[in-house]
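Take our numbering: the final residue in the sequence shown is number 1082, and no numbers are missing along the way. Glycine is no exception: its CB is placed at the ideal position from the N, C-alpha and C atoms. All of these numbers come straight from a predicted model, not from anything done at the bench. The next block holds one structure in the form of structure tokens; read it before the comments.
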Amino acid sequence: MKKVFLLMVFIIFLLDIGIVFSQNNDVNENKIDKEIEYLLEEQEEVSVIVVLEDDYETLDDYSVSELNEKSDLEKKRIMVEEQQEEVLSELDLKEEENQDNDFEFDLESKFSVVNGFAGNVTEEGLQKLASDPNVKKIYPNRPVKAFLSDSKNIVNASNTWSLIYNGTNITGKGEVVCVIDTGVDYTHSDMGNCASTSNINDGSCSKVIGGYDFINNDQNPIDDHGHGTHVAGIVASTNGIYKGIAPDANIIAIKSLNSVGSGTTQNVIDGIDWCVNNASIFNITVISMSLGGSILYTGHCDDSDSLTAAAIDAAIAKNISVIAATGNADSTTGIASPACIKNITSAGGVDKSDGMDFNRNNLTDLLAPGVNIVSLNLGGSFQTFSGTSFSTPMVTGAFALIHQYIKLTDNRNATPSEIENVLNDTGKRITDTSGSGLTFSRINILAALDFLDNKGPIITITSPSNNAVKTALTVNVTASEVLSNAVLEINNQNFSMSGSGLKRSLNVKSLWNGSFNYRIYGDDRFGNTGISETFTVNINLSSDNLTSLVLTLNEAEKQQATNVAVNQTTFGGIDFGSSILNFSGITALENAFNISNNLVSVDTNNFPGLNKSAFIVMKGLNFTKAPLIFTSSGFESTANEVQCSSTTCTGITYDATNKILRFNVAHFTSFFGKTNTTNGAPIITSTAVTSGTLTNQYSYDVDATDPDGDTLNFSLTTAPSGMSINAASGLITFIPSSIGNFNVIVQASDGNLTDSQSYQLTVTNAKINKLSISDLDVKIGSKSDKNVKNNTKLKDAEPGDKVEFNIELKNLFTEDEDLKIKNVEVEITIEEIDDGEDLDEDANDVDIKPSKKEEVKIEFDVPLDVEENTFDVLINIEGEDENGTTQEIFFKLELEVEKKKHEIRVISASTLPPTIGCKRTFSVNSEIINTGSDDEDEVTLEVLSAELGISDITKNIELDEGTEDNRFTKSISVSVNDDVSPGIYPITVNTYYDSKLSDTEKVEINVQACEQTKEIRAQVSGQGTQFSDGGVVVLQTVTQATVQESFMETDEYLTLLAILVIIFIGTAIFVTGAAFIVLKK
């Protein structure tokens, strides 16, 4: 019976072992892709990819100091190499010198940044690998192949090349693209025109600066097919006609496809592996792969090709974007690998009319033209191809340009997801009506830069220097980016500056003696405005007599004088500009010129060489509005007057404030002004907004001036249905309900005369957004603006004001559509308002049901130290509907902060302690600040309380505006007499500037009665402890509590634990002994 019992125990033990081995076998089988087993039934060896488990314990042999000196990538390389050696050491490898020997594995490639290797495996080798715990997965090394002008204008690449940021054009300069393909013909005249070499990494080629050939295992990745050269040309060709998307980018040529355009997964992984390993050496930022397999995937395929996915993950971790083609099978449900891998950017194709073509599904990230694309051909010519192979390099080039822009403007490297999101959000929306029904984004590079570029250009005045003394003023400026226009603001007048690119200049005509402040406004390509520093120029014309530099010329120079100006300090001047004048015989300017009160005259009868066109400034006039200009023949004559014709006197402007008349004349006689009793017509001065998007708010604020200062009325004489205008302000608003071109005529009238402006509004498709702002109210201090629209300027903010945004959001999905918009986030940023830093606030997330509204409120305090300026207010709202579609809104407002000329505020006032008892002393602490626009040197701070006898006055405090010296703090100590009755007493803190009251704050002190307790009798159980505070004694009773001990802290628990350990050990000895006896018998 005993033997039977022992035998049963042994059988149970063996069954357990069998179960364990069975489970291990199942695990091993799950490591092997079934396709490998099928292939081994037909052939002796199969090409495979072997994926290994990551095990960083292999680094334990290295010291901490050694590891600290290595980057994460270097540590991974070491770990991968250790794992590879450990697994390969257990296999019989095929020897290079003896190709006939029996082997289990023929090693083709060991990867370095992904944990695995590739080669040919036999049945025996496969089983060994499957049973190795360091092996994670084994799958076939599947074949891949290449997916066999004016497109750069379609994606708006050519318009970006002229943009300049920090002195560099957006052409891809400094960007390096890894092209994994059939190689690149670097001898092509538009791809480097380099000499043939056995090692492309030797620095001999300035365009294709590196690479590797994984087909022939050498360092000369020259193209022997043509596909790779065509792809590289689309990225970075320098040809004048067929220029690449990023023509100044450099290329890394990786040859992973052979002369017929075929390769394997191993070759692709080798290529990615090389690019990641050499990223730091060559500054690689994008990998482009116009290739893939024949299997189409409807979802992410990372599990099917895990080592390629790991290689792509390694690239993304190094901030390298990876772009791959979706394939050309015209499937509307599946795309090829590796485009189906999660972290890749998959590129589909359209024709040049944005018609859908080629493979696409919901994994397709971006589209670009891919039909009839002209690019470089092998051997030096050009050729036309179609396919996603050629839309992919367009997306690649776009990534390079966006990466370059962000690096130039923000001095940082953009992430792959950041670039993809920008191109997706700003691209042209294309709905696939021919198959999938999905909506995709076709890249628009200029629109992406427009979205990113929200900073004004930096405008620098290069001459004259600040506070220069001049007899005439010519202003020269440079900008940090290309300017679309520049305006000089001086003496309350604006003048357009001439020039192009980064430079603008202007000769300011006929200034008089005095100091003038001026600054320059410049707009970039996307409408962002930059403002220069304000400079001062001091004009010194030396006397009230006529002055001109022409008298310093010699006689020959006087006969061919140009750029002549004649000035009179009080009454104005004449500027002849580029006209060529003959001053021969003129020894005194007064002999030929008369510039006096309301008269400018030139003696052209005696000096006909002065009868030229010119610009006239007349100063010191007394007209309330623009006068009429009259002419008279004869020097210094006003007889036989005739009103100056519109062809002789042009460009007439009158500064009624400073009494200055400016105008151009075609030739010379005597000119003078007379009171204008007629009504002048208004002039519309603003430039129309000519573009809008479907269902989004369109607005255009029409500006106009009237020479008589009349109140103007605005109206629309021609407009699309639904467009309206505010008659008083001229603000046009419109929500387009259809796309197309619409004629608009707006009119400004003073009641008698009118001016009209005609323009064509182009409405295009916009993203259909189901989240809207149904109402936006903004409260600034005590003033409220209701139903604020996009692009509105908020006025009247002052330092310290509370700005409150009340936003009403609406879900535009109908109840029948029944889609909730969830997790709606609202964030508001006021840019650079806090000493150059942004202020950010957000609201709690809300969910909005279909057709319903939700309100959110966000508040800001305008900083007390804010500068007087206008600040951008960005409202970003984003949520996701129940279909997973992002719904978002972007509003841009302006907040104008103005300071009072004089304002001294009390920013804090307090008493410490706020309550006093027996100890009758406290302090009054106050802090004041200068929030006005002027420096103050006669500020007074008062602290007063008649009841408590406080009268502390500090005078002649200096507070400089906009500096660290704009604050003053003071603390005064106060003693309260014993005869002061208990109660609450107010204390007043006043501030003054120049003896004028500016601000008042009141604080309080609570004076309590003092009652000394000499004896306290209390029945207290337990021990008492006394504390004293202000003469009041408090008894604190301390009660001793009984704490119950837990079972785990008792001796009984320890005894039980020891017994259980002994039983466990005995059982193990018993089972081992029983097995030994049974086996012995």
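DSSP three-state assignment for residue i, whether helix, strand or coil
| i | result |
| --- | --- |
| Leu402 | helix |
| Asp1000 | strand |
| Pro394 | helix |
| Asn1123 | As displayed, the chain neither begins before 2 nor continues past 1082, which places residue 1123 out of reach and without an answer. |
| Ala326 | strand |
| Ile1064 | helix |
| Pro370 | strand |
| Val136 | strand |
| Asn714 | strand |
| Asn967 | helix |
| Gly528 | coil |
| Asp219 | strand |
| Asn31 | helix |
| Glu124 | helix |
Opening and closing residue of the alpha helix (DSSP H) in which residue i lies
| i | result |
| --- | --- |
| Ser647 | Per DSSP, Ser647 belongs to no alpha helix (DSSP H) and is neither H nor E. |
| Ile273 | Thr266 to Asn278 |
| Asn422 | Pro417 to Thr427 |
| Thr479 | No alpha helix (DSSP H) holds Thr479; the beta strand (DSSP E) holding it covers Leu474 to Ala480. |
| Asn69 | Val65 to Asn69 |
Minimum Cβ-Cβ distance from residue i to chain D less than 9 Å
| i | result |
| --- | --- |
| Leu68 | Annotation note: the requested chain D is absent from the structure, which comprises a single protein chain. |
Beta-carbon proximity of residue i to residue j, cut-off 9 Å
| i | j | result |
| --- | --- | --- |
| Asn892 | Ile774 | The sequence given here places Phe at residue 892; Asn does not occur at that position. A contact, by the Cβ cut-off of 9 Å. |
| Thr299 | Gly335 | yes |
| Ile822 | Asn812 | yes |
| Ile905 | Ser976 | no |
| Ala326 | Met290 | yes |
| Phe496 | Val509 | yes |
| Lys1136 | Lys137 | As shown, the chain starts at 2 and ends at 1082. That puts residue 1136 outside it, with no answer to give. |
| Ala310 | Pro339 | yes |
| Thr385 | Asn373 | yes |
| Ser260 | Val145 | no |
| Thr416 | Ile324 | no |
| Asp776 | Ala705 | no |
| Val49 | Leu164 | no |
| Val944 | Ser927 | yes |
| Glu1002 | Tyr986 | no |
| Thr393 | Ala369 | yes |
Cα-Cα separation, residue i to residue j
| i | j | result |
| --- | --- | --- |
| Gly621 | Glu591 | 20 Å |
| Asn26 | Asn770 | For Asn26, the predicted model reports a pLDDT of 49, less than 50, meaning its position is unreliable and no value from the coordinates is stated. |
| Pro915 | Thr479 | 59 Å |
| Leu94 | Asn268 | 20 Å |
| Ser322 | Val287 | 5 Å |
| Ser614 | Ser579 | 9 Å |
| Asn967 | Phe872 | 22 Å |
| Ile285 | Glu421 | 17 Å |
| Glu82 | Leu60 | 11 Å |
| Asn598 | Ala657 | 16 Å |
| Asp778 | Lys803 | 14 Å |
| Asn1084 | Gly428 | Residue numbering for the chain in the displayed model covers 2 to 1082; residue 1084 lies beyond these limits and cannot be assessed. |
| Ala798 | Leu865 | 11 Å |
| Leu450 | Asn568 | 48 Å |
Where the beta strand (DSSP E) through residue i begins and ends
| i | result |
| --- | --- |
| Leu41 | Note, Leu41: premise wrong, no beta strand (DSSP E); alpha helix (DSSP H) at Lys35 to Glu43. |
| Leu489 | Leu484 to Ile491 |
| Thr230 | It is not in any beta strand (DSSP E) - Thr230 instead sits in the alpha helix (DSSP H) that spans His228 to Ala237. |
| Glu1084 | In the structure as shown, the chain begins at 2 and stops at 1082. Residue 1084 is therefore absent and cannot be evaluated. |
| Phe664 | Ile661 to Val666 |
| Glu904 | Where Glu904 is concerned, there is no enclosing beta strand (DSSP E), given that its DSSP letter is neither H nor E. |
The ligand ADP heavy atom lying under 8 Å from the CB of residue i
| i | result |
| --- | --- |
| Thr887 | This structure simply doesn't include the ligand ADP, nor any ligand for that matter. |
> Hey, which unbroken runs of the alpha helix (DSSP H) at 4 residues or more fall wholly within the stretch 162-188?
Replying inline: Listed in chain order, there is nothing to give.
> What residue ranges within the stretch 280-347 form continuous alpha helix (DSSP H) runs of no fewer than 4 residues, ordered along the chain?
Replying inline: Complete alpha helix (DSSP H) runs here, min 4: 280-283 and 307-318.
>> List, from N- to C-terminal side, the beta strand (DSSP E) runs of 3 residues or more that fit wholly inside the stretch 541-622.
In response: You should have 566-569, 573-576, 594-597, 600-603 and 615-619.
> Can you list the alpha helix (DSSP H) stretches of 4 or more residues lying completely in the stretch 446-476, in chain order?
Replying inline: Runs found: 446-453.
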